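Residues in the sequence shown are numbered consecutively from 2, following the numbering used here.
So the structure is just underneath, and the comments pick up after that.
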Amino acid sequence: MRSNLFRIVLLALALFAIAFVAAPFYSYRALRAATVAEDVQAMSQLVDFPAVRKSLAGQLDPDSTRTAEAPTIWQDPIGAIKRAWKDVAPQPPKVDRYVTVAGLGDVLRGYAPGTAPPEAKPDGSFMSGAKGMVSGPWPGVAYFGLERVRFAVKRPNAPEKVTLLTFERRSLFAWKLVHVQLPEGER
């Protein structure tokens with residue numbers, strides 16, 4: 002009796018560990034499927050859009066990010082008001098093409114927005130869905146931690162160009178895309 006209970010507990014721990022390690026991969030594949038299906042609701046659950054927009058804005062327009070701590074309103078009142086109005090302005094249009102459904106779909110496959118070849122949409126059959134689940138590109142793991150996972154997606158026609166996608170754990174098995182690092186030539 003005692004040995005059976007021990008085996009059950011070991012099996013439960015092994016299943017928990019497998020589910021915990023597989024959860025970020027599942028989130029990546031779910032996000033890819035949401036972009037193919039153009040499911041905006043699913044994408045909003047899988048992407049932290051303000052964080053992704055901020056990370057892309059820093060890469061596409063390096064002048065927009067501040068490296069040093071800005072002076073307070075007591076030290077520079079006019080500068081603080083200017084910064085407050087500058088932060089209210091929308092992000093440059095360069096970032097907008099990356100955070101659309103099609104743009105994120107291309108980035109998840111390793112391409113720049115608008116440069117990816119068209120992806121076949123599933124026709125609703127079981128075989129089409131299964132083929133979509135196992136088709137590539139599969140991301141490589143650049144970093145795996147308890148709170149963050151960084152995937153490296155190589156561009157199929159140019160393997161030296163690697164897009165890094167950072168997923169952050171939000172609950173026990175829920176992960177969200179929070180950062181996109183573009184290849185060197187696209188920054």
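Ideal Cβ placement from N, Cα and C applies to all residues, glycine included.
Predicted, not measured: the structure shown is a model, and the values here were computed from it.
query: Buried or exposed: G186, going by 16 or more other Cβ atoms within 10 Å of its Cβ?; result: exposed
query: Does V100 come out as helix, strand or coil in the three-state DSSP assignment?; result: coil
query: Provide the residue(s) that pair with E169 in DSSP beta bridges, ordered along the chain.; result: R149, K177
query: Taking DSSP as the reference, what is the three-state secondary structure of E161?; result: strand
query: According to DSSP, simplified to helix, strand and coil, what is K155?; result: strand
query: Exposed or buried, what is W75 when buried is set at 16 or more other beta-carbons lying within 10 Å of its beta-carbon?; result: exposed
query: Leaving out five residues on either side along the sequence, give the residues of the same chain with a beta carbon under 7 angstroms from the beta carbon of G80.; result: P72
query: Looking at C-alpha atoms only, which residue of F168, H180, Q182, S172 is the closest neighbour of F26?; result: F168
query: If we call anything under 8 angstroms between Cβ atoms a contact, is A24 one with W176?; result: yes
query: Tell me where the alpha helix (DSSP H) around P51 begins and ends.; result: 50–61
query: For Q60 and L183, I'd like the C-alpha separation in whole angstroms.; result: 8 angstroms
query: Should M200 go down as buried or exposed, given a rule of 16 or more other Cβ atoms within 10 Å for buried?; result: Residue numbering for the chain in the displayed model covers 2 to 188; residue 200 lies beyond these limits and cannot be assessed.
query: DSSP three-state call for G111: helix, strand or coil?; result: coil
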